[in-house]
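Notes to accompany the following structure.
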Amino acid sequence: KAGVTQTPRYLIKTRGQQVTLSCSPISGHRSVSWYQQTPGQGLQFLFEYFSETQRNKGNFPGRFSGRQFSNSRSEMNVSTLELGDSALYLCASSLLGKQFFGPGTRLTVL
Amino acid sequence: DAKTTQPNSMESNEEEPVHLPCNHSTISGTDYIHWYRQLPSQGPEYVIHGLTSNVNNRMASLAIAEDRKSSTLILHRATLRDAAVYYCILVQTGANNLFFGTGTRLTVIP
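This is the structure in structure tokens:
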């Protein structure tokens, strides 16, 4: 089975812009979670989607949003980018309590 | 969310066993103990999880204290490929939101 894929792998944006990141889960996995990883804050949970519904949400401002499609693919969007949004964004799909992570999207905000 | 405490770093010689400790004194009855690891420049990788009984898989063993307030991840023979940050995480039954701490950075010495 193919693993979790994320696109793009690298992205450079400027402050004030918005960005959309994509995640394709492992076939058959219906839950997709998103995480942000920075050197200062470590790995932080953003949100989880299951069957197109947001099921859990971490402590991030409303500029961070997401959605899930009927084929379980998920997107996350960050609007009005700030310098502090520079991070590695990871998504994971879940089955039977185990999470399988993608390689991440490295976002740099200039 | 219940918290875990791990040593910041540990070292092991190659081909020797490694015992990575984790304290979780506020664990609730429905919390599973999960371990993930993150190799350099990769997303986290599931290692093992358990509830009450000790668990074994091809990667590692998980020893859980009788009172469940601590656990130990055991790598039976450390290899250079096992050098990573290891995270011990408490996960509520049915939940897919992981709250990562700072983890233990394992260095394997050839």
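Chains W and X, in that order, give the protein sequences.
For the first sequence, my numbering assigns the number 524 to the initial residue and increments by one for each residue that follows.
For the second sequence, my numbering assigns the number 748 to the initial residue and increments by one for each residue that follows.
Virtual Cβ for every residue (Gly too), placed ideally from N, Cα, C.
Asked: Which residues in the same chain have their Cβ closer than 8 angstroms to the Cβ of Gly589(W), if we skip the five residues on either side of it in sequence?; Found: Trp557, Leu569, Phe570, Tyr572, Gln577, Ser597, Glu598, Met599 and Asn600
Asked: Quick one: list the residues of chain X neighbouring Asn579(W), beta-carbon separation under 8 angstroms, in chain order.; Found: Ala842, Asn843 and Asn844
Asked: With respect to the beta strand (DSSP E) encompassing Arg553(W), which residues constitute its N-terminal and C-terminal limits?; Found: Note, Arg553(W): premise wrong, no beta strand (DSSP E); not H, not E.
Asked: Taking the DSSP output, what are the residues bridged to His796(X)?; Found: His781(X)
Asked: Here's the rule I'm using: 16 or more other beta-carbon atoms within 10 Å means buried, otherwise exposed. How should Arg715(X) be labelled?; Found: Lying outside 748 to 857, the shown extent of chain X, residue 715(X) is not represented and no answer is given.
Asked: If I'm right that Ile821(X) touches Ala807(X) with Cβ under 8 angstroms, what's the distance once you round it to whole angstroms?; Found: 6 angstroms
Asked: Kindly say whether Pro764(X), judged by its beta-carbon, lies nearer than 8 angstroms to any beta-carbon of chain W.; Found: no
Asked: Which partner residues of Ala842(X) appear in the DSSP bridge assignment?; Found: Answer by DSSP bridge pairing: none, since Ala842(X) is not bridged.
Asked: Considering only C-alpha positions, which residue in the set Thr530(W), Phe623(W) and Gln564(W) is nearest to Thr849(X)?; Found: Gln564(W)
Asked: So which residues of chain X does Pro626(W) contact, with C-beta pairs closer than 8 angstroms?; Found: Gln789 and Gly790
Asked: Of all the residues that make up the stretch 793-805 of chain X, which are near chain W by a beta-carbon distance shorter than 8 angstroms?; Found: Tyr793 and His796
Asked: Could you pull out every residue in the same chain whose Cβ sits closer than 6 angstroms to the Cβ of Ser817(X), ignoring the five residues on either side in sequence?; Found: Asn770
Asked: Using a 10 Å radius around the Cβ and a threshold of 16 neighbouring Cβ atoms, would you call Gln540(W) buried or exposed?; Found: exposed
Asked: Using three-state DSSP, classify Leu544(W) as helix, strand or coil.; Found: strand
Asked: Using beta-carbon positions only, say whether Leu837(X) and Ile795(X) come within less than 8 angstroms of one another.; Found: no
Asked: Leaving aside the five residues before and after Phe847(X) along the sequence, list all residues of the same chain whose C-beta is less than 7 angstroms from its C-beta, in chain order.; Found: Tyr834 and Ile836
Asked: Of all the options Ile811(X), Arg824(X) and Ile856(X), which has the alpha carbon lying nearest to the alpha carbon of Ser772(X)?; Found: Ile811(X)
Asked: Mind checking the stretch 526-547 of chain W against chain X and listing, in chain order, the residues whose C-beta falls within less than 7 angstroms of any C-beta there?; Found: none
Asked: Between Asn594(W) and Ser756(X), what straight-line distance do the alpha-carbon atoms span, to the nearest angstrom?; Found: 41 angstroms
Asked: Determine, using beta carbons only, whether Leu606(W) comes closer than 8 angstroms to chain X.; Found: no
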